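Colleague: Order-wise, the sequence lines are chains A and B. Going by our numbering, the first sequence wraps up at 349, each residue one higher than the last. Going by our numbering, the second sequence wraps up at 1323, each residue one higher than the last. The C-beta atom is built at its ideal place from N, Cα and C for all residues, glycine as well. The structure presented is a predicted model; accordingly, all values stated were derived computationally and were not measured.
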Amino acid sequence: MENMEKMENLLELRNVTFSFRTYGGVVQSVRDVSFNIKPGEIVGIVGESGCGKSVTSQCILKLNPQPPGFFGPDSSIKYKGEEIVTMSDKEMRKIRGKEIGFIFQDPMTSLNPTMKVGAQIEEIFVGDKSISKAEKKRRAIEILELVGINEAERRYNQYPHELSGGMKQRVMIAIALVGRPSIVIADEPTTSLDVTIEAQILDLLKELREKLGISIILITHDLGVIAKLCDRVLVMYGGKIIEHGDVGEIFYDTKHPYTNGLLNSIARLSSSKDQKLTPIEGTPPDLFSPPKGCPFAARCEHCMVICKEQMPPEYEVTPTHKSYCWLMHPDAPKVDLTYKAVKEEVTNG
Amino acid sequence: MDNQNRTPILQVKDLCKHFRINKKATLKAVDGVSFDIYEGETVGLVGESGCGKSTTGKCLVRLYEPTSGEVIYKGKDITKLKGAEKKEFCKDVQMIFQNPYSSLNPRMTVKEIVGEGIKVHNPGISDADLEAKVLELLEKVGLNKDHMSRFSHEFSGGQRQRIGIARALAVDPKFIVCDEPISALDVSIQAQVLNMLKELQKEYGLTYLFVAHDLSVVKFISDRVIVMYLGTIVEYADAEELYANPMHPYTKVLLSSIPEADPDIAKNSQRLTVKGEIPSPINPKPCCRFAERCPNATEECFKTMPELKDLGNGHMIACHLYK
Chain A
1 MENMEKMENL LELRNVTFSF RTYGGVVQSV RDVSFNIKPG EIVGIVGESG CGKSVTSQCI
61 LKLNPQPPGF FGPDSSIKYK GEEIVTMSDK EMRKIRGKEI GFIFQDPMTS LNPTMKVGAQ
121 IEEIFVGDKS ISKAEKKRRA IEILELVGIN EAERRYNQYP HELSGGMKQR VMIAIALVGR
181 PSIVIADEPT TSLDVTIEAQ ILDLLKELRE KLGISIILIT HDLGVIAKLC DRVLVMYGGK
241 IIEHGDVGEI FYDTKHPYTN GLLNSIARLS SSKDQKLTPI EGTPPDLFSP PKGCPFAARC
301 EHCMVICKEQ MPPEYEVTPT HKSYCWLMHP DAPKVDLTYK AVKEEVTNG
Chain B
1001 MDNQNRTPIL QVKDLCKHFR INKKATLKAV DGVSFDIYEG ETVGLVGESG CGKSTTGKCL
1061 VRLYEPTSGE VIYKGKDITK LKGAEKKEFC KDVQMIFQNP YSSLNPRMTV KEIVGEGIKV
1121 HNPGISDADL EAKVLELLEK VGLNKDHMSR FSHEFSGGQR QRIGIARALA VDPKFIVCDE
1181 PISALDVSIQ AQVLNMLKEL QKEYGLTYLF VAHDLSVVKF ISDRVIVMYL GTIVEYADAE
1241 ELYANPMHPY TKVLLSSIPE ADPDIAKNSQ RLTVKGEIPS PINPKPCCRF AERCPNATEE
1301 CFKTMPELKD LGNGHMIACH LYK
């Protein structure tokens, strides 16, 4: 872990803006997003549906059709120093799957029902004449074993409908890994799975990170999954990153009212029945005409005049923890944002 | 809560719902389930997908006809109700559906959706009265007058679920089956709907059967919790008791699988994991359904089906490990 900090960023996103032209106007799904991914770390992106977390991840591989989608003028995505935004489709094919893998959300619909599992895993090698057929098969079976599928030889020749949900998700992970990428993007990898299977898949992802040293970008709306797996968290809202930091900093020392609201609104096993959840009132902003100030201003209980007028700048809490909230301004009123469970622990001793 | 002296509002006795697939295969979605629900309480029904929890819920509102067994509502078997009695039952028992996107008719306005049930049960109601009643319901669930003439596609998921709840409340029900009412919603919206369900229960004295797969949500809302696995009840106890002191190996696994939204707890907790996945409910073996995956299974578990036993203070469990 020590030499990791010295190493430079594997992936750098700078001012990424991505919008879609639709009949209703232009939807600004991702607005001015910047972050880095270092080798070997697991970064979580958390937010509600429509906050732009999936579009952000798909931008990295340019999976969104262009048009109707298009990047903003200053957007820059650099993978190992190479600019992705301006790459041609042909160049992208060398990145997709081979440098950056992608695990899709729903294993039930993401696999091709008419192709055998093995063929789908080997699809990445299509057109690659340097690898023999036997070698392809060997690698496919090796990767199936790695993701914990027993009887890999037999599964290789089966169709997706013969597999259970958890097994299909393992196949999806195998497909993402077979090209030996250095980053894997997992878009809600466990959302459609049952808790006991979810636990298995999360353990698998963690194990793969240890074994292969890959970086994982984990997109999810489940704070529990983030807490379990991630080193760093980006919180997104209304197409923007509103807070990011190490897992502990976000969960125990959040500096943004939205993150605080999220933490307060989930039912926990440790919470008692008489406790009332504190929901965030209102609904997320409409991204056809995003508010010019902070996107969360309309739902924020600490909203000030400036919040509606101007997007807050980045405030540094610690070198790793940044928050975009006017409450961090030295002149702003002081607000207690420790979430309740922590507060109770403190008061109870 | 002392349930000894009260009569249950709903009794389920040995309920079975089998789906015949072909001559040889029968899918036993619900297989011999018995429980009581008392007035004013919330019973949580949890389990993984395919365990029969939704099927059980649907049998209780007669969306499915049970294969065998009885569902007794206020002393009468609901499968034998006819005519006026059946209508009365339909008025008393309502359901909130899982998916707010597919459970609202896209060609009906909100007013029509919510008003439909009122019209059926009060054929002579005037338009003005109907409108007033619908408006009252919408305000109760946090919507307003402007929403009345809109269609369901104009609403967000949370708002749609509110419409679904208003529709269920429209006929003044006593008992509501909530079939995963919040699983399709965003986290920040889930809390809004959960709090609303709790408030409505207090206000109208409703009884809920809350079907869900999210154990932390069930803990938050339920008085008692039933854990199902592959069509059978494995454990049944007061919520506090069940979460503090889970007995059945499956319940233990289920509880420890939940990723807690707290990095210190989540990263340090030793989690019990089970091998494999939930087996097929088609032609299940006549033994403990969890035996194949159970870490503590003995020979007996593969031979006979455990009966639901009371371990005292209403903690019921179906497991051979507890005698």
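So threonine 278 of chain A contacts chain B; which residues on that side make the cut at Cβ distance below 9 Å?
Modeller: Here residue 278 of chain A is taken as the residue at index 278 of the first sequence, counted from 1. Ala1191 and Asn1195, listed in chain order.
Colleague: According to the neighbour-count rule (16 or more other Cβ atoms, all chains shown, within 10 Å of its Cβ), is glutamine 310 of chain A buried or exposed?
Modeller: As a first step, residue 310 of chain A must be located in the first sequence, where it is residue number 310. Exposed, since its Cβ has fewer than 16 Cβ neighbours within 10 Å.
Colleague: Could I get the ranges of all uninterrupted alpha helix (DSSP H) runs contained in the segment 1253-1313 of chain B, with 4 residues as the minimum, in chain order?
Modeller: Entirely contained in the segment 1253-1313 of chain B, the alpha helix (DSSP H) runs reaching 4 residues are, in chain order, 1263-1268.
Colleague: How about histidine 994 of chain B: is its C-beta nearer than 8 Å to some C-beta of chain A?
Modeller: In this structure chain B extends from 1001 to 1323, so residue 994 of chain B is not present and cannot be described.
Colleague: Could you tell me the distance, in whole angstroms, from the CA atom of lysine 206 of chain A to the CA atom of glutamine 1190 of chain B?
Modeller: Along the first sequence, read from residue 1 onward, the residue named residue 206 of chain A stands at position 206. Along the second sequence, read from residue 1 onward, the residue named residue 1190 of chain B stands at position 190. About 29 Å.
Colleague: Got a sec? Which residues, its chain only, sit under 8 Å from serine 1049 of chain B by beta carbon, not counting five neighbours each side?
Modeller: Numbered from its first residue, the second sequence carries residue 1049 of chain B at position 49. Counting only Cβ-Cβ distances below 8 Å, and skipping sequence neighbours, we find His1213 and Ile1278.
Colleague: Name, going along the chain, the residues of the segment 1224-1243 of chain B whose beta-carbon falls closer than 9 Å to a beta-carbon of chain A.
Modeller: For the segment 1224-1243 of chain B, which is checked against every Cβ of chain A, the residues closer than 9 Å are Ala1239, Glu1240 and Tyr1243.
Colleague: Are histidine 302 of chain A and proline 257 of chain A close, meaning C-beta to C-beta below 8 Å?
Modeller: As a first step, residue 302 of chain A is located in the first sequence; it is residue number 302 there, counting from the start. As a first step, residue 257 of chain A is located in the first sequence; it is residue number 257 there, counting from the start. A contact, by the Cβ cut-off of 8 Å.
Colleague: With 8 Å set as the bound, which would you pick, yes or no: does the beta-carbon of arginine 268 of chain A sit closer than that to a beta-carbon of chain B?
Modeller: By one-based count along the first sequence, residue 268 of chain A stands at place 268. So yes, arginine 268 of chain A belongs to the interface.
Colleague: What residues are listed by DSSP as bridge partners for tyrosine 237 of chain A?
Modeller: The residue you call residue 237 of chain A lines up with position 237 of the first sequence. The partner list for tyrosine 237 of chain A (beta bridge, DSSP) reads A:Lys240.
Colleague: Per DSSP, valine 1030 of chain B is paired with what?
Modeller: Counting from 1 along the second sequence, the entry for residue 1030 of chain B is found at position 30. In the DSSP output, where bridge partners are listed per residue, valine 1030 of chain B has B:Lys1017.
Colleague: Using beta-carbon positions only, say whether threonine 56 of chain A and serine 1257 of chain B come within less than 8 Å of one another.
Modeller: One-based indexing of the first sequence puts residue 56 of chain A at position 56. One-based indexing of the second sequence puts residue 1257 of chain B at position 257. No, the Cβ-Cβ distance between threonine 56 of chain A and serine 1257 of chain B is not below 8 Å.
Colleague: Excluding the five sequence neighbours on either side, which residues of its own chain have a C-beta within less than 8 Å of the C-beta of proline 1284 of chain B, listed in chain order?
Modeller: To locate residue 1284 of chain B, count along the second sequence from 1; it is residue 284. Lys1028, Asp1031, Leu1230 and Gly1231, listed in sequence order.
Colleague: Nearest chain A C-beta to methionine 1001 of chain B closer than 8 Å, yes or no?
Modeller: Stepping through the second sequence from its first residue, residue 1001 of chain B is reached at position 1. Interpretation of methionine 1001 of chain B is limited by its pLDDT of 49, a score under 50 that renders its predicted location unreliable; no figure is taken from the coordinates.
Colleague: How would you call phenylalanine 71 of chain A, buried or exposed, if buried means at least 16 neighbouring beta carbons within 10 angstroms?
Modeller: To locate residue 71 of chain A, count along the first sequence from 1; it is residue 71. That one is buried.
Colleague: Can you give the Cα-Cα distance for asparagine 348 of chain A and serine 1126 of chain B, rounded to whole angstroms?
Modeller: The sequence position of residue 348 of chain A within the first sequence is 348, counting from 1. The sequence position of residue 1126 of chain B within the second sequence is 126, counting from 1. Reliability fails at asparagine 348 of chain A, whose pLDDT of 49 lies under 50, so the model's placement of it is uncertain and no value is given.
Colleague: Determine the closest residue to lysine 1013 of chain B out of B:Val1134, B:Asp1077 and B:Asp1172, with distance taken between C-alpha atoms.
Modeller: Within the second sequence, the letter at position 13 stands for residue 1013 of chain B. Nearest option by C-alpha distance: B:Asp1077.
Colleague: In whole angstroms, what is the alpha-carbon distance linking methionine 236 of chain A and isoleucine 42 of chain A?
Modeller: The residue labelled residue 236 of chain A in the question sits at position 236 within the first sequence. The residue labelled residue 42 of chain A in the question sits at position 42 within the first sequence. Taking the straight line joining both Cα atoms gives about 16 Å.
Colleague: Identify the contact partners of serine 1183 of chain B in chain A, using a Cβ-Cβ distance below 9 Å as the criterion.
Modeller: By one-based count along the second sequence, residue 1183 of chain B stands at place 183. Those within 9 Å of serine 1183 of chain B in chain A number zero; the least Cβ separation is about 10 Å.
Colleague: Tell me, please, whether the CB atom of glycine 1158 of chain B is closer than 8 Å to any CB atom in chain A?
Modeller: Here residue 1158 of chain B is taken as the residue at index 158 of the second sequence, counted from 1. Answer yes: the Cβ-Cβ gap between glycine 1158 of chain B and chain A drops below 8 Å somewhere.
Colleague: Whole angstroms are fine: how far does the CA of phenylalanine 1097 of chain B sit from the CA of glycine 239 of chain A?
Modeller: The sequence position of residue 239 of chain A within the first sequence is 239, counting from 1. The sequence position of residue 1097 of chain B within the second sequence is 97, counting from 1. Distance between the alpha carbons of glycine 239 of chain A and phenylalanine 1097 of chain B is about 31 Å.
Colleague: Is it right to say lysine 136 of chain A is buried, meaning 16 or more other beta carbons lie within 10 angstroms of its own, or is it exposed?
Modeller: Counting from one through the first sequence, the residue named residue 136 of chain A turns up at place 136. With 16 or more other Cβ atoms within 10 Å, it is buried.
Colleague: Less than 8 Å between CB atoms is the rule here; does leucine 337 of chain A satisfy it with respect to chain B?
Modeller: Numbered from 1 along the first sequence, position 337 holds the residue referred to as residue 337 of chain A. Not one chain B Cβ lies under 8 Å of leucine 337 of chain A.
Colleague: Pick from A:Met87, A:Glu48 and A:Lys80: whose alpha carbon is nearest that of leucine 63 of chain A?
Modeller: Taking the first sequence and counting its residues from 1, the one referred to as residue 63 of chain A is at position 63. For leucine 63 of chain A, the nearest C-alpha among the options comes from A:Met87.
Colleague: Residues of chain A with CB closer than 7 Å to the CB of isoleucine 1258 of chain B, please, in chain order.
Modeller: The residue labelled residue 1258 of chain B in the question sits at position 258 within the second sequence. Under the 7 Å cutoff, chain A gives Val195, Gly224 and Leu269.
Colleague: Any idea what DSSP makes of asparagine 264 of chain A, helix, strand or coil?
Modeller: Along the first sequence, read from residue 1 onward, the residue named residue 264 of chain A stands at position 264. DSSP places asparagine 264 of chain A in helix when its eight states are reduced to three.
Colleague: Thinking C-alpha only, which one of B:Lys1140, B:Gly1124, B:Phe1089 and B:Asn1099 is nearest valine 1114 of chain B?
Modeller: Counted from its first residue, the second sequence places residue 1114 of chain B at position 114. Of the candidates B:Lys1140, B:Gly1124, B:Phe1089 and B:Asn1099, the one whose C-alpha sits nearest the C-alpha of valine 1114 of chain B is B:Lys1140.
Colleague: Quick one: what's got a C-beta closer than 8 Å to methionine 1228 of chain B's C-beta in the same chain, skipping five residues either side?
Modeller: As a working mapping, residue 1228 of chain B is identified with position 228 in the second sequence. Counting only Cβ-Cβ distances below 8 Å, and skipping sequence neighbours, we find Val1033, Leu1045, Val1046, Gly1047, Cys1051, Gly1052, Lys1053, Thr1056 and Val1234.
Colleague: With a threshold of 8 Å between beta-carbons, can lysine 1219 of chain B be considered close to chain A, or not?
Modeller: Indexing the second sequence from 1 puts residue 1219 of chain B at position 219. Yes, because at least one Cβ of chain A sits closer than 8 Å to the Cβ of lysine 1219 of chain B.
Colleague: Taking the alpha helix (DSSP H) that arginine 31 of chain A falls in, what are its first and last residues?
Modeller: To locate residue 31 of chain A, count along the first sequence from 1; it is residue 31. That residue, arginine 31 of chain A, is in no alpha helix (DSSP H); its beta strand (DSSP E) goes 25-37.
Colleague: I want to see whether chain A comes within less than 8 Å of serine 1049 of chain B, judged by CB atoms only; does it?
Modeller: As a working note, residue 1049 of chain B is residue 49 in the second sequence. Chain A contact via Cβ: present.
Colleague: So, are the CB atoms of valine 1134 of chain B and methionine 1148 of chain B less than 8 Å apart?
Modeller: Here residue 1134 of chain B refers to the residue found at position 134 when the second sequence is read from its first residue. Here residue 1148 of chain B refers to the residue found at position 148 when the second sequence is read from its first residue. Result yes, Cβ atoms of valine 1134 of chain B and methionine 1148 of chain B sit closer than 8 Å.
Colleague: List the residues that DSSP assigns as beta-bridge partners of leucine 163 of chain A.
Modeller: The count along the first sequence starts at 1 and reaches residue 163 of chain A at position 163. Looking at the DSSP assignment, leucine 163 of chain A forms no beta bridge with any residue, so it has no partner.
Colleague: For a contact meaning CB atoms closer than 7 Å, what does proline 1263 of chain B contact in chain A?
Modeller: As a working mapping, residue 1263 of chain B is identified with position 263 in the second sequence. The answer, in chain order, is Ala227, Val247, Gly248 and Phe251.
Colleague: Could you check if glycine 1158 of chain B is buried or exposed, using at least 16 other CB atoms within 10 Å of its CB as the buried criterion?
Modeller: Residue mapping note: residue 1158 of chain B aligns to position 158 of the second sequence, counting from 1. Glycine 1158 of chain B comes out buried.
Colleague: Is the segment 1299-1318 of chain B touching the segment 1236-1248 of chain B, taking contact as three or more C-beta pairs under 8 Å?
Modeller: They touch, by the three-pair rule.
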